[in-house]
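**Student:** So that we are looking at the same thing, I have put the structure below in C-alpha cells.
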Amino acid sequence: MPLSTYKKLTNKRPTETDIRPSLASHSYIYSLGIAEDALVDVAGFVYPVDFIILDIKEDEKRPFILGTPFLTTAKTVIKFDKGTITLRSRKGKIRFHRILKSLCKIERGIKNDIEPVAPTMTVNKLVLKWKERIQLHQEKETKFDKFRSKTFKNKHPALVKVENEVNDKREVT
Numbered sequence: 089m090p091l092s093t094y095k096k097l098t099n100k101r102p103t104e105t106d107i108r109p110s111l112a113s114h115s116y117i118y119s120l121g122i123a124e125d126a127l128v129d130v131a132g133f134v135y136p137v138d139f140i141i142l143d144i145k146e147d148e149k150r151p152f153i154l155g156t157p158f159l160t161t162a163k164t165v166i167k168f169d170k171g172t173i174t175l176r177s178r179k180g181k182i183r184f185h186r187i188l189k190s191l192c193k194i195e196r197g198i199k200n201d202i203e204p205v206a207p208t209m210t211v212n213k214l215v216l217k218w219k220e221r222i223q224l225h226q227e228k229e230t231k232f233d234k235f236r237s238k239t240f241k242n243k244h245p246a247l248v249k250v251e252n253e254v255n256d257k258r259e260v261t
C-alpha cells in the first residue's frame with residue numbers, strides 16, 4: 089500500500105518490519121512498516137488483511153495486490169480450467185468468473201487512444217533490453233575476474249595465506 093493511502097486512512101504509525109519485497113526486476117524495495125489486520129470488504133465479505141507500507145507513487149488505476157496470506161484467510165478456491173475464483177466467509181461464498189473475450193463488446197464511437205504496435209516491434213525491444221542487460225552483466229563479470237586475478241595472482245582464494253593471521257584459539261568473551 090502506498091504511504092499516501094495509508095496516511096489517508098489513519099494517523100497511526102505502521103508496525104515496524106524487516107520485510108523487503110522482491111520486484112520483478114529482481115531488486116528489492118524497503119518497506120516503511122506493516123498495517124496489520126486492516127479490514128477489507130470484498131463483495132460484501134469482510135476479511136482482515138496485512139498490508140506492507142511502501143514509499144511509492146499512488147495510482148488509482150492499479151488495485152492493491154492481495155497475496156497468498158489473503159487467499160488462505162479467505163479460503164479461496166481457484167479453478168483454472170473453469171476460470172473461477174471462489175471466496176468463502178463463514179457460511180457465505182462468492183464466485184468470480186473470468187470474462188471470455190467472445191463476450192466482451194466494444195462500444196462504437198469511442199476512439200482508442202492507444203496506437204497499434206506491431207508485435208514484432210515489442211518483441212524486438214524486449215530482446216534489445218535483455219541483450220543490453222546480458223552485456224552489462226558480462227562486463228561486470230570480466231572486471232571482477234580481472235580484479236580477482238590481480239589480487240590472488242592465479243591462486244585459489246581459499247588457499248592464499250593471509251599475512252599476520254591471528255592463530256589464537258582462546259575463547260572470546
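Quick note: the sequence shown uses this note's numbering, first residue 89, plus one each step. Beta carbons are placed, not taken as given, at the ideal position from N, Cα and C, and that holds for glycine. Predicted model, so just to flag it, every value in this text is computed and none were measured.
Check each candidate in 106, 182, 146, 218 and name the one with the smallest Cα separation from residue 116.
**Tutor:** Ranking the options by Cα distance to residue 116, first place goes to 106.
**Student:** Please report the residue range of the alpha helix (DSSP H) in which residue 97 lies.
**Tutor:** Taken as a continuous stretch (DSSP letters only), the alpha helix (DSSP H) holding residue 97 covers 91 to 97.
**Student:** Between which two residues does the beta strand (DSSP E) holding residue 185 run?
**Tutor:** Element bounds for residue 185: 180 to 185.
**Student:** Grab me the residues of residue 253's own chain with a C-beta within less than 7 Å of its C-beta, minus the 5 sequence neighbours each way, in chain order.
**Tutor:** At residue 253, the pLDDT of 49 sits below 50, so the modelled position is not reliable; the number obtained from the coordinates is stated separately. Excluding residues within five positions, none has a Cβ falling inside 7 Å.
**Student:** In angstroms with no decimal places, state the Cα-to-Cα distance between residue 132 and residue 166.
**Tutor:** Distance between the alpha carbons of residue 132 and residue 166: 19 Å.
**Student:** Would you say residue 143 lies against chain E (beta-carbon separation less than 8 Å)?
**Tutor:** In the displayed structure, chain E is absent; only one protein chain is listed.
**Student:** How big is the Cα-Cα spacing for residue 149 and residue 143?
**Tutor:** Those two C-alpha atoms are separated by around 17 Å.
**Student:** What residues in its chain sit with their C-beta under 8 Å from that of residue 234, if we drop five residues either side in the sequence?
**Tutor:** None.
**Student:** Rounding to the nearest angstrom, what Cα-Cα distance links residue 183 and residue 110 in this structure?
**Tutor:** For residue 183 and residue 110, the distance between alpha carbons rounds to 30 Å.
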